[in-house]
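These notes are about the structure you will find just below.
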Amino acid sequence: MTHAYQAFAPAEANTVELSESTSADADFRVERKEARNWRISLLSERASHWFEAKFARGVQDARVFETDLAGANAFIRKARLDGFRTEYIGPLARSHF
0 MTHAYQAFAP
10 AEANTVELSE
20 STSADADFRV
30 ERKEARNWRI
40 SLLSERASHW
50 FEAKFARGVQ
60 DARVFETDLA
70 GANAFIRKAR
80 LDGFRTEYIG
90 PLARSHF
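Each residue of the sequence shown is one higher than the last, beginning at 0 in numbering that gives the first Met the number 0.
As structure tokens, this is what we get:
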């Protein structure tokens, strides 16, 4: 059985930066990009080190990944269990958890 959080694929390099400031406390940002694609951005160095150790051994400088909804949920759950904070960009507002 393939775990959902192993289904990450590097996102395209031409990402759009948000004009609003983000929380300095967030380690990850999750946002929906298309009907079935979710983008996860690594915002902190701590998050980058954790991601490399848990998911992407040998992949360096990868700070943005795309996955499906199940993969995003599994990733967020694992990150929360390990004490990380996630910023979710929803259609109406930002949420932190």
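Cβ coordinates follow ideal geometry from the N, Cα and C atoms, glycine included. Bear in mind the structure is a predicted one, so any value in this text is a computation, not a measurement.
#1: In chain order, which beta strand (DSSP E) runs of at least 3 residues are fully inside the segment 36-79?
#2: State the Cα-Cα distance for the pair residue 12 and residue 66, rounded to the nearest angstrom.
#3: Just how far apart, CA to CA, sit residue 80 and residue 49?
#4: Nearest-angstrom Cα distance between residue 36 and residue 68?
#5: Pick out whichever of 27, 32, 25 and 84 has its Cα sitting closest to the Cα of residue 90.
Quick answer:
#1: Runs of the beta strand (DSSP E) inside the segment 36-79: 37-41 and 63-66.
#2: Low confidence applies to residue 12: its pLDDT is 43, below 50, so where it sits in the model is not reliable, and the reading given next is rough at best. Near 16 Å, if we compare the C-alpha coordinates of residue 66 and residue 12.
#3: Rounded to whole angstroms, the separation of the alpha carbons of residue 49 and residue 80 is 12 Å.
#4: Per the coordinates, the alpha-carbon of residue 36 lies some 7 Å from the alpha-carbon of residue 68.
#5: If we check each option's Cα against that of residue 90, 32 comes out closest.
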